[in-house]
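All remarks here apply to the structure that follows.
Protein chains: 2
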Amino acid sequence: MHALIVLAHPEEKSFNAQLAADAREALTAMGYTVETADLYRDGFDPLEDARHFSSRADNAFFSAMIEQRHASDTGTLPTDVESAIVKLERADLVVFQFPLWWWSVPAILKGWFDRVFAWGRVYSSGKRYPDRGHFKGKRALVSVTTGAPGLAFGPNGRAGDLDLILWPIHFGLAYVGFSVLPHFASFEVVKGPNTDPDTLRTRLDGYKAGLRAHLGAIETLEPLKFNTTADWDETGRLRPTAPSYSPFIRHVA
Amino acid sequence: MHALIVLAHPEEKSFNAQLAADAREALTAMGYTVETADLYRDGFDPLEDARHFSSRADNAFFSAMIEQRHASDTGTLPTDVESAIVKLERADLVVFQFPLWWWSVPAILKGWFDRVFAWGRVYSSGKRYPDRGHFKGKRALVSVTTGAPGLAFGPNGRAGDLDLILWPIHFGLAYVGFSVLPHFASFEVVKGPNTDPDTLRTRLDGYKAGLRAHLGAIETLEPLKFNTTADWDETGRLRPTAPSYSPFIRHVA
Numbered sequence: 001m002h003a004l005i006v007l008a009h010p011e012e013k014s015f016n017a018q019l020a021a022d023a024r025e026a027l028t029a030m031g032y033t034v035e036t037a038d039l040y041r042d043g044f045d046p047l048e049d050a051r052h053f054s055s056r057a058d059n060a061f062f063s064a065m066i067e068q069r070h071a072s073d074t075g076t077l078p079t080d081v082e083s084a085i086v087k088l089e090r091a092d093l094v095v096f097q098f099p100l101w102w103w104s105v106p107a108i109l110k111g112w113f114d115r116v117f118a119w120g121r122v123y124s125s126g127k128r129y130p131d132r133g134h135f136k137g138k139r140a141l142v143s144v145t146t147g148a149p150g151l152a153f154g155p156n157g158r159a160g161d162l163d164l165i166l167w168p169i170h171f172g173l174a175y176v177g178f179s180v181l182p183h184f185a186s187f188e189v190v191k192g193p194n195t196d197p198d199t200l201r202t203r204l205d206g207y208k209a210g211l212r213a214h215l216g217a218i219e220t221l222e223p224l225k226f227n228t229t230a231d232w233d234e235t236g237r238l239r240p241t242a243p244s245y246s247p248f249i250r251h252v253a
Numbered sequence: 254m255h256a257l258i259v260l261a262h263p264e265e266k267s268f269n270a271q272l273a274a275d276a277r278e279a280l281t282a283m284g285y286t287v288e289t290a291d292l293y294r295d296g297f298d299p300l301e302d303a304r305h306f307s308s309r310a311d312n313a314f315f316s317a318m319i320e321q322r323h324a325s326d327t328g329t330l331p332t333d334v335e336s337a338i339v340k341l342e343r344a345d346l347v348v349f350q351f352p353l354w355w356w357s358v359p360a361i362l363k364g365w366f367d368r369v370f371a372w373g374r375v376y377s378s379g380k381r382y383p384d385r386g387h388f389k390g391k392r393a394l395v396s397v398t399t400g401a402p403g404l405a406f407g408p409n410g411r412a413g414d415l416d417l418i419l420w421p422i423h424f425g426l427a428y429v430g431f432s433v434l435p436h437f438a439s440f441e442v443v444k445g446p447n448t449d450p451d452t453l454r455t456r457l458d459g460y461k462a463g464l465r466a467h468l469g470a471i472e473t474l475e476p477l478k479f480n481t482t483a484d485w486d487e488t489g490r491l492r493p494t495a496p497s498y499s500p501f502i503r504h505v506a
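Each protein sequence line maps, in turn, to chains D and X. Sequence positions in the first sequence follow the numbering used here and run 1 to 253. Sequence positions in the second sequence follow the numbering used here and run 254 to 506.
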């Protein structure tokens, strides 16, 4: 078994980096070979634009989707994108380690999604959703850190329900075929002006042990549920007989 | 009245750029002065990291929040960030124009949020939410384009309910004090292999007229509802007496 850890944090000694290193150790102990894509250290360019495409479908007008499709068809995807896709293709498990910034991933990881999940090579209208996606059979797992405490991210918390905040990210992973495991969250990891260092250290150590335990359970963790191709009618709406797994895609009267 | 249009699309002739130009014209005709922050053309750097901070709270460890706070306190925020904040401060209305990529904003706009909405200068625990946020009294409006058709983004659509997909973005704007107006969406704007050019042109012209009409109605559009400071108890959870406006922050049994 082989795992890829995608790490998105600017500080190489960050708690996110420590969790990524711990995950690597834990997975290695479980018999995985592991590689890490450290997006900041690798200098990943998050900006999708014309610079990346050597052969163009339309030299006069840059559409990200059209050029991704053309580059996929002609084998001219940018080298860093193709390399990232190959890393995903050889992984059985992909762990995304990042801090929650403005209720989403940091820009460097957002740009990784924008560029690496390329129309054509990675998805198309006939190659998407958990049943037909390119990465079908592989697991993905989000490990996220936050500045605010856990209660703030509960269903009635002032920062919003973390399960729903992560839905767009999880749905994107399911869209390209991943079996998405429940996320692991480390709350309140930023040292505030009144944070006692020992309290913080104990908390962080607890989360490190928690992530190891979470990874140790991946064989038994139930993946999140998403609709599959047959659940949509010809207009792209949920069939009355299909299940609803989230407020994001629900039955309407 | 003064408006700022924040545009995030790599192609200068894109439909997004055309909508931004139309919005500028429409707002000018309404008596606004208007400036545009064209993030790609301006070369905005979306990566939050140590390079941007000349004076550091901690030279040995980069925390985005801690360094934003320190730079805010010492007047050493990066020039491009301070300039973006000043543009926001002089605007009565901010329009965000972007394509929906992977159920969120493009990386360049995500990084703009990551860097410009700086802890200290823009928000703090005592300076947030619509009642106490830094940009209180200003309006914000999202104008988003999609590749998939409108039905796919309905409550039972295969792409997910657009109102919920935009919640993390809208909530972030409300968090820094904006009065968030209902979004405007232009669906199915990408030229597919089977798209009839005349059909697409007619559709795009309709959306241009629609955005102008939407902007023409900003004085009467009802802002989205978000909870304010008094709605949270001392643990950061919704008081039983406070209203719930979204599944993201809801009452639990």
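For every residue, glycine included, the Cβ atom is placed at its ideal position computed from N, Cα and C.
- Judged by DSSP in its simplified three-state form, residue 113 of chain D adopts helix.
- Distance check between residue 290 of chain X and each of X/435, X/436, X/333 and X/417 places X/333 closest, using alpha-carbon atoms only.
- Among the residues of the segment 413 to 425 of chain X, those with a Cβ less than 7 angstroms away from any Cβ of chain D are 413, 414, 417, 418, 421, 424 and 425, in the order of the chain.
- By the CB criterion at 8 angstroms, residue 1 of chain D and residue 92 of chain D fall inside the cutoff.
- Minimum Cα-Cα distance from residue 101 of chain D among the listed residues X/357, X/270 and X/353 corresponds to X/357.
- Residue state for residue 456 of chain X is assigned as helix, using DSSP reduced to three classes.
- Here residue 431 of chain X carries a coil assignment [DSSP, helix/strand/coil].
- Judged by beta-carbon spacing, residue 3 of chain D lies within the 8 angstroms limit of residue 32 of chain D, meaning their Cβ atoms are closer than that value.
- Only residues of its own chain outside the window of five on either side were considered, and among them 239 have a CB closer than 8 angstroms to the CB of residue 233 of chain D, listed in chain order.
- The shortest C-alpha to C-alpha distance from residue 481 of chain X to any of X/424, X/292 and X/277 is the one to X/424.
- The beta carbon of residue 16 of chain D sits no closer than 8 angstroms to any beta carbon of chain X.
- Less than 8 angstroms separates the beta-carbon of residue 208 of chain D from that of residue 19 of chain D.
- DSSP places residue 378 of chain X in no alpha helix (DSSP H); its state is neither H nor E.
- Listed in chain order, the non-local C-beta contacts of residue 76 of chain D below 6 angstroms within the same chain comprise 54 and 55, local neighbours out to five positions each way being set aside.
- For the segment 239 to 253 of chain D, residues whose beta-carbon sits nearer than 7 angstroms to a beta-carbon of chain X comprise 247, 248, 249, 250, 251 and 252.
- The Cβ atoms of residue 279 of chain X and residue 348 of chain X lie no closer than 8 angstroms to each other.
- Between residue 321 of chain X and residue 365 of chain X, the CB-CB gap reaches or exceeds 8 angstroms.
- For residue 293 of chain X, the C-beta contacts it makes with chain D under 9 angstroms involve 47 and 49, in order along the chain.
- When beta bridges are read from the DSSP output, residue 442 of chain X appears opposite no residue.
- Within chain X, 355 have C-beta atoms less than 8 angstroms from the C-beta of residue 117 of chain D, given in sequence order.
- Spanning the alpha carbons of residue 267 of chain X and residue 406 of chain X requires a straight line of approximately 22 angstroms.
- Looking only at D/61, D/184, D/205 and D/84, the smallest Cα-Cα distance to residue 221 of chain D is reached by D/184.
- Going by beta carbons, residue 187 of chain D and residue 139 of chain D fall outside the 8 angstroms limit.
- Counting of Cβ neighbours within 10 angstroms places residue 396 of chain X among the buried residues, the total reaching 16 or more.
- For residue 106 of chain D, a Cβ of chain X is located within less than 8 angstroms of the residue's own Cβ.
- Sequence-distant Cβ neighbours of residue 218 of chain D in its own chain, meaning closer than 8 angstroms and more than five residues away, are 93, 139, 141 and 181.
- Counted as a single uninterrupted DSSP element, the beta strand (DSSP E) harbouring residue 145 of chain D occupies residues 139 to 145.
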